[in-house]
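S.K.:
Protein chains: 2
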Amino acid sequence: MSFREKKAAKKKEEILRSAASVLDAKGFHRTTMEDIASNLLMTKGSMYYYFKNKDDLLYQCHQMIMKISIERIEEAVHSSLTPTEKLKKAVKAHVTLSTSEKSMFLMMDKPNQNFSGDHLDHALKQRKEYANYFDVIINEGIEKGEFDPSIEIRTVRFIILGSLNWIMQWYREDGPQSGEQIAESFAAHLVRIVEKR
Amino acid sequence: MSFREKKAAKKKEEILRSAASVLDAKGFHRTTMEDIASNLLMTKGSMYYYFKNKDDLLYQCHQMIMKISIERIEEAVHSSLTPTEKLKKAVKAHVTLSTSEKSMFLMMDKPNQNFSGDHLDHALKQRKEYANYFDVIINEGIEKGEFDPSIEIRTVRFIILGSLNWIMQWYREDGPQSGEQIAESFAAHLVRIVEKR
DNA sequence: TTAATTTTTAAACATACATTCAAAAATTAA
DNA sequence: TTAATTTTTGAATGTATGTTTAAAAATTAA
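Protein chains in written order, with this note's numbering: chain A, 14 to 210; chain B, 14 to 210.
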């Protein structure tokens, strides 16, 4: 990657982050290209030098956050921790990421409203991949006799992911709990679902 | 209420339901007034006879579903069941409603993006009211010695409501589980969080 | 310094829709 | 049936904003 390419890539990421924070506040359709541009001290015309169109911009935001999310959960899954600790680690990773990058996460819901065609396919595939890692952990916990074998994997996964994905709806940086505290608390309470009794 | 008023109210509800199902599929901003109207075999002009504007339409959808939701959970809270059974009942009520009225629920997230002014205030107030009922149940469970006293009420409430609110993101009518089945399963798994051990 | 390449700009364009409105149609009450 | 009232219509209006574009500015390589 040449110097120029690196520079352009950096700029692109800068735009994505800035865009995410503006989109976070107003939502995709209420945010104009000018809003995004002006937040970067650019004019909206120059946005089209980096992105094909507004949808492309949203898609690339989605890409960026999914890539990081998947990397993080893979770390947990491939670690040599016990299933319980793996689950806690995965939960904490998600909470920490979604609270520190709240604006990026906020555009993750309703993919079928926001994307179409190949973009939609790919977005859904990535989500499936991410969700599947939770199944892997839960499965391992049952097989190793650490989790209650009577739990339904699918339901547990939906509960865990649902509660995690909803955090971005209520989390505030100036709220009573820090992202780290929420991470600890969620991890502790969510493992209760799978525990043997 | 006169005959005419009744008729108008019925029509209004008919519009709301139809609107919800169209909005569900395409999202608020991608749905045009014409989409909504044509689904009812009307012209978009006549929508304005019933609603002030598009935002008003969305707000009234929100109103309609929140009213029903609150009624349902009040039933659970005011029943004479044990806390565990109350919690199960509340969970099931939410699941059943959100799967049978999925389209109405889908517009419930991100109120601060969708509403403003009085509408926003009122929407937030209703959500707080709804959420608070879960706190009431959890509190009662702890006080009566039925739930584990070491759980954090706020976190448990966030987990429960989060997992419930996320159902609308993945639920499909033609999926492997019916709304009733999901309700049972969620109730069974979520109470595990509060159980004493 | 000069020429090539890149990035940025500001204005122009196009269009999709929300909303309005005056007139027509349908419904109701007498 | 007639007059009053409610509801619907279809066209007109206006505006917001995504996108294009040709030219200017800035950057880079020689």
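Even glycine gets a Cβ: it sits at the ideal position worked out from N, Cα and C. Owing to the predicted nature of the structure, the values given are computational and were not obtained by experimental measurement.
What does Glu208 of chain A pair with, by DSSP beta-bridge criteria?
M.R.: By 1-based counting over the first sequence, the position of residue 208 of chain A is 195. Glu208 of chain A pairs with A:Phe160.
S.K.: Quick check on the burial criterion: 16 or more other C-beta atoms within 10 angstroms. Buried or exposed for Ala127 of chain A?
M.R.: Walking along the first sequence from the start, residue 127 of chain A turns up at place 114. In the sequence on display, residue 127 of chain A carries Asn and not Ala. It counts as buried.
S.K.: Please confirm whether Leu203 of chain A has its beta-carbon closer than 8 Å to some beta-carbon of chain B.
M.R.: Looking up residue 203 of chain A in the first sequence gives position 190. Interface residue, yes.
S.K.: Determine the DSSP secondary structure at Tyr184 of chain B, reduced to helix, strand or coil.
M.R.: Here the question's residue 184 of chain B lines up with position 171 in the second sequence. Here Tyr184 of chain B sits in coil by DSSP.
S.K.: Name the chain A residues that come within less than 8 Å of Val169 of chain B, Cβ to Cβ?
M.R.: Residue 169 of chain B sits at position 156 when you count from the first residue of the second sequence. By Cβ distance, chain A contributes His202.
S.K.: Which runs of the beta strand (DSSP E) fall wholly inside the segment 40-71 of chain B and span at least 3 residues, in chain order?
M.R.: none
S.K.: Going along the segment 139-152 of chain A in order, which residues come within less than 8 Å of chain B, judged by CB to CB distance?
M.R.: none
S.K.: Run down chain A in chain order and give the residues with a C-beta less than 8 Å from the C-beta of Asn178 of chain B.
M.R.: As a working note, residue 178 of chain B is residue 165 in the second sequence. The answer, in chain order, is Gly175, Trp179 and Gln182.
S.K.: Entirely within the segment 66-114 of chain B and at least 4 residues each: give me those alpha helix (DSSP H) ranges in chain order.
M.R.: 67-90 and 96-113
S.K.: How many Å lie between Val207 of chain A and Leu137 of chain B at the Cα?
M.R.: Against the first sequence, residue 207 of chain A aligns to sequence position 194. Against the second sequence, residue 137 of chain B aligns to sequence position 124. In a straight line, the C-alpha of Val207 of chain A is about 33 Å away from that of Leu137 of chain B.
S.K.: Going along the chain, which residues of the segment 17-42 of chain B sit with their C-beta nearer than 7 Å to a C-beta in chain A?
M.R.: Lys39, Gly40 and His42
S.K.: Counting contacts by CB-CB distance shorter than 8 Å, is Lys123 of chain A in contact with chain B?
M.R.: Here residue 123 of chain A refers to the residue found at position 110 when the first sequence is read from its first residue. So, interface residue.
S.K.: Name the residues in the segment 64-96 of chain B whose C-beta lies less than 9 Å from a C-beta of chain A; which are they?
M.R.: none
S.K.: I'd like the list of long-range same chain contacts for Ala196 of chain B, defined as Cβ closer than 6 Å, with 5 residues on each side in sequence excluded.
M.R.: Taking the first residue of the second sequence as 1, we reach residue 196 of chain B at position 183. Answer for Ala196 of chain B: Lys105, Val108 and Thr109, listed in chain order.
S.K.: What span of residues does the alpha helix (DSSP H) with Pro124 of chain A cover, start to end?
M.R.: Reading the first sequence from its first residue, position 111 is the one you call residue 124 of chain A. Segment Pro124 to Asn127, the alpha helix (DSSP H) holding Pro124 of chain A.
S.K.: Return the chain-ordered list of same chain residues with a C-beta closer than 7 Å to the C-beta of Ala89 of chain B, the five sequence neighbours on each side being excluded.
M.R.: Walking along the second sequence from the start, residue 89 of chain B turns up at place 76. Within the same chain, Ala89 of chain B has close Cβ partners Lys99, Lys102, Ala103 and Ala106.
S.K.: Give me the Cα-Cα distance between Lys24 of chain A and Leu71 of chain A, rounded to the nearest whole angstrom.
M.R.: Within the first sequence, residue 24 of chain A is the residue found at index 11, counting from 1. Within the first sequence, residue 71 of chain A is the residue found at index 58, counting from 1. The straight-line gap from Cα to Cα measures roughly 16 Å.
S.K.: Determine the closest residue to Met181 of chain B out of B:Asp37, B:Lys19, B:Glu47 and B:Glu18, with distance taken between C-alpha atoms.
M.R.: In the second sequence, the residue the question calls residue 181 of chain B occupies position 168. Ranked by Cα distance from Met181 of chain B, the options B:Asp37, B:Lys19, B:Glu47 and B:Glu18 are led by B:Asp37.
S.K.: Starting from the C-beta of Leu177 of chain B, find all residues in its chain whose C-beta is less than 8 Å away, skip the five residues before and the five after it, and write them out in chain order.
M.R.: Counting from 1 along the second sequence, the entry for residue 177 of chain B is found at position 164. Contacts found: Val104, His107, Val108, Ser111 and Phe199.
S.K.: Looking only at its chain, what residues have a beta carbon closer than 6 Å to the beta carbon of Lys209 of chain B, apart from the 5 residues adjacent to it on each side?
M.R.: Position 196 of the second sequence holds residue 209 of chain B. Excluding sequence neighbours, Lys209 of chain B sits near Asp161.
S.K.: Can you tell me the Cα-Cα spacing of Ser113 of chain B and Ala201 of chain B, whole angstroms?
M.R.: The sequence position of residue 113 of chain B within the second sequence is 100, counting from 1. The sequence position of residue 201 of chain B within the second sequence is 188, counting from 1. One C-alpha to the other measures close to 20 Å.
S.K.: To the nearest angstrom, how far is it from the Cα of Gly188 of chain A to the Cα of Glu156 of chain A?
M.R.: Sequence index remark: in the first sequence, residue 188 of chain A carries index 175 (1-based). Sequence index remark: in the first sequence, residue 156 of chain A carries index 143 (1-based). Distance between the alpha carbons of Gly188 of chain A and Glu156 of chain A: 39 Å.
S.K.: Roughly how far, in whole angstroms, is the beta-carbon of Tyr143 of chain A from the beta-carbon of Ser82 of chain A, given that I think they are within contact range, below 8 Å?
M.R.: By one-based count along the first sequence, residue 143 of chain A stands at place 130. By one-based count along the first sequence, residue 82 of chain A stands at place 69. Confirmed, about 6 Å.
S.K.: Closer than 8 Å, CB to CB, is Arg185 of chain A near chain B or not?
M.R.: Locating residue 185 of chain A in the first sequence gives position 172, counting from the first residue. Chain B places no beta carbon closer than 8 Å to that of Arg185 of chain A, leaving this residue out of the contacts.
S.K.: Measuring straight from C-alpha to C-alpha, what distance separates Leu119 of chain A and Lys57 of chain B?
M.R.: Taking the first sequence and counting its residues from 1, the one referred to as residue 119 of chain A is at position 106. Taking the second sequence and counting its residues from 1, the one referred to as residue 57 of chain B is at position 44. Rounded to the nearest angstrom, the two C-alpha atoms are 32 Å apart.
S.K.: Can you tell me the Cα-Cα spacing of Lys80 of chain A and Phe16 of chain A, whole angstroms?
M.R.: The residue you call residue 80 of chain A lines up with position 67 of the first sequence. The residue you call residue 16 of chain A lines up with position 3 of the first sequence. Each residue's Cα considered, the two are about 24 Å apart.
S.K.: Closer than 8 Å, CB to CB, is Ser191 of chain B near chain A or not?
M.R.: Translated into positions along the second sequence, residue 191 of chain B becomes position 178. For Ser191 of chain B, the answer is no, since every Cβ of chain A falls outside 8 Å of its Cβ.
S.K.: How about Val169 of chain A and Thr97 of chain A: do their beta carbons lie closer than 8 Å?
M.R.: Counting from one through the first sequence, the residue named residue 169 of chain A turns up at place 156. Counting from one through the first sequence, the residue named residue 97 of chain A turns up at place 84. Not a contact, by the Cβ cut-off of 8 Å.
S.K.: Say whether chain A places a C-beta atom closer than 8 Å to the C-beta of Ile172 of chain B.
M.R.: Reading the second sequence from its first residue, position 159 is the one you call residue 172 of chain B. Yes, because at least one Cβ of chain A sits closer than 8 Å to the Cβ of Ile172 of chain B.
S.K.: At 7 Å on the CB atoms, spell out the chain B contacts of Ile206 of chain A, in chain order.
M.R.: Walking along the first sequence from the start, residue 206 of chain A turns up at place 193. Neighbours of Ile206 of chain A across chain B, judged by C-beta separation under 7 Å: His202, Arg205 and Ile206.
S.K.: Quick check on Lys133 of chain A: does DSSP put it in helix, strand or coil?
M.R.: Residue numbering aside, residue 133 of chain A sits at position 120 when the first sequence is read from its first letter. First, the residue type needs correcting, since residue 133 of chain A is Leu and not Lys in the sequence shown. If DSSP states are grouped into helix, strand and coil, Leu133 of chain A belongs with the helices.
S.K.: With 8 Å set as the bound, which would you pick, yes or no: does the beta-carbon of Ser116 of chain A sit closer than that to a beta-carbon of chain B?
M.R.: Here the question's residue 116 of chain A lines up with position 103 in the first sequence. Taking Cβ atoms only, chain B never reaches closer than 8 Å to Ser116 of chain A, which makes this a no.
S.K.: Does DSSP put Ser34 of chain A in a helix, in a strand, or in coil?
M.R.: Taking the first residue of the first sequence as position 1, residue 34 of chain A is located at position 21. In the structure shown, Ser34 of chain A sits in a helix (DSSP, three-state: H, G or I).
S.K.: How would you label Ser116 of chain A, buried or exposed, when you count the other beta carbons within 10 angstroms and need 16 or more for buried?
M.R.: As a working note, residue 116 of chain A is residue 103 in the first sequence. Buried.
S.K.: Hey, Gln73 of chain A and Phe64 of chain A: beta-carbon distance below 8 Å or not?
M.R.: Translated into positions along the first sequence, residue 73 of chain A becomes position 60. Translated into positions along the first sequence, residue 64 of chain A becomes position 51. The answer is yes: Cβ separation under 8 Å.
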